[in-house]
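Trainee:
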Amino acid sequence: MYFGFSDKLCSWIFALVFIDFCVYAYIISSFDNWVQLCLNITLPLQIWQAILFASFAPDDILAEIIGEQNVETYRHPTSPRHQQIRSSGDH
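Under the numbering used here, the sequence shown has 17 at position 13, and the numbering climbs by one with no breaks.
1) Would you call Leu56 buried or exposed, if buried means 16 or more other Cβ atoms sit within 10 Å of its Cβ?
2) Would Leu47 be called buried (16 or more neighbouring beta carbons within 10 Å of its own) or exposed?
3) Output needed for Val27: all residues of its chain with C-beta closer than 7 Å, excluding positions within five of it in sequence on either side, in chain order.
4) Starting from the C-beta of Leu20, find all residues in its chain whose C-beta is less than 8 Å away, skip the five residues before and the five after it, and write them out in chain order.
5) Suppose you measure from the CA of Phe16 to the CA of Phe22; what does that come to, to the nearest Å?
Quick look at the structure:
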C-alpha cells in the first residue's frame, strides 16, 4: 500500500504515467512550440486517459477512488440500488 492506496490502484496509476512518458517523449521530439504542445496534446491526452480509466478500470479500483455507492450508480444505472437512489432524490 502506497500513500493509502492499494497496490492494484498504484499499478494502474504507474501504467498511466508510463504511457504518458512514452507518448510525451515521442511528441516532444516533433514539437518546437511548447504552448502548442500543451494546448493541443497534453490536455486532450489527460481527458482521454480519464475517460479510459473510468471506462475500463475494475470496479474495486474505482470504488477506492470515488466510493462503492458511486461505482454502482456509474457502472450499473439500471440496478435496483441506483433506482432507489434516484427515487429518494439523493443523486
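Beta carbons: idealized from backbone N, C-alpha and C, even for Gly.
Since we're looking at a predicted model, the values are computed, not measured.
Mentor: So, from the data block:
1) Exposed, by the Cβ-count rule.
2) So Leu47 ends up on the exposed side.
3) Taken in chain order, the residues that qualify are Leu49.
4) Closer than 8 Å at the Cβ level, and outside the excluded window around Leu20, lie Gln53 and Phe57.
5) For clarity, residue 16 is Trp in the given sequence; the question names Phe instead. Their backbone Cα atoms lie some 10 Å apart in a straight line.
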